[in-house]
Amino acid sequence: KLNNSQQVFSYILWSKIWIAAEKRYKENEFVFARTNISTILAYYRDNNEDIKIALIKEFRSPVNNSNGFVYELPGGSSFKPNVDPQLTAKHELEEECGITIDDMSRLKYVGQRQLAATLSSHQAQLYTIELTKEEYEQMLENEKSNKTFGVSEDSERTYLKMISISQLQDSFLD
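Each residue of the sequence shown is one higher than the last, beginning at 1 in UniProt numbering.
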């Protein structure tokens, strides 16, 4: 439960499902379910047409790498029921990158996808926003100063990383 409310954040369900097309039961799996998330791909196109994107570096307990940090798009869910996913994406950009977007029409909806079909049933709504030069420069300053973001009450601490598409292609993030 969330914040002593009646809303359930996540649950695990062991399932035994009849697959009619195969005339058999599937019963050796579980389903992890949690609230859906909204993510936002914030990008800036520089004079050389190199595209820079905002990633969040955050420690996550299940991460299986040498340092325990994951690099991912800004995103998350709302503890409030029935919140517009676009508003959640806007809020996450503000919470995890320090950038406030006033004009919601700048957020473009891309689509919704299940994130880890072999493990979890939750889905992500993806939005994009092209950053202004001023917003991009603010993000660079936030990164350079190693400013921390996140919700401290939730033990969340995030760091902003601006990275080019070419750096991603060169496997910058392990």
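Backbone N, C-alpha and C fix where the C-beta goes; we use that ideal spot for every residue, glycine too.
DSSP bridge partner residues for residue i (one or two, in chain order)
| i | result |
| --- | --- |
| Thr148 | Tyr159 |
| Val70 | Glu58 |
| Leu41 | Thr128 |
| Val31 | Leu13 |
| Lys52 | Tyr44, Ser164 |
| Gln112 | Gln125 |
| Ser77 | Answer is none; Ser77 lacks a bridge partner. |
Span of the beta strand (DSSP E), counted from its first residue to its last, around residue i
| i | result |
| --- | --- |
| Glu153 | No beta strand (DSSP E) contains Glu153, which DSSP labels as neither H nor E. |
Candidates the options: closest to residue i by CA position
| i | options | result |
| --- | --- | --- |
| Tyr95 | Asp84, Ser105, Ser77 | The question names Tyr, but residue 95 in the sequence shown is Glu. Nearest option by C-alpha distance: Ser77. |
| Gly98 | Asp170, Ala116, Thr158, Pro85 | Thr158 |
| Ser15 | Gln7, Val8, Glu22, Asn28 | Asn28 |
| Tyr127 | Asn64, Glu58, Ala89 | Ala89 |
| Ala33 | Glu49, Asp50, Asp46, Ala124 | Ala124 |
| His122 | Asn48, Val31, Glu92 | Val31 |
| Ala116 | Val8, Ile56, Lys26, Asn36 | Asn36 |
| Gln114 | Arg24, Lys26, Ser38 | Ser38 |
| Ser145 | Val151, Ser152, Glu137 | Glu137 |
| Leu55 | Glu49, Pro62, Glu156, Met162 | Met162 |
| Glu49 | Gln169, Asp170, Leu168, Ser164 | Ser164 |
| Ser10 | Ser120, Ile19, Leu140, Glu135 | Ser120 |
| Asp154 | Leu93, Asp170, Phe79, Gln169 | Phe79 |
| residue 176 | Met139, Glu58, Glu143 | Past the boundaries of the shown model lies residue 176; the chain is included only from 1 to 174, so the question cannot be answered. |
Residue span of the alpha helix (DSSP H) that contains residue i, given as start and end
| i | result |
| --- | --- |
| Ala89 | 85-97 |
Backbone secondary structure at residue i - three-state DSSP
| i | result |
| --- | --- |
| Ser166 | helix |
| Lys23 | coil |
| Ser105 | helix |
| Gln138 | helix |
| Leu2 | For Leu2, the predicted model reports a pLDDT of 49, less than 50, meaning its position is unreliable; a value from the coordinates is still stated below. Here Leu2 sits in coil by DSSP. |
Cutoff 7 angstroms: residue i Cβ touching any chain C Cβ
| i | result |
| --- | --- |
| Ser145 | You won't find chain C in this structure, because it holds only one protein chain. |
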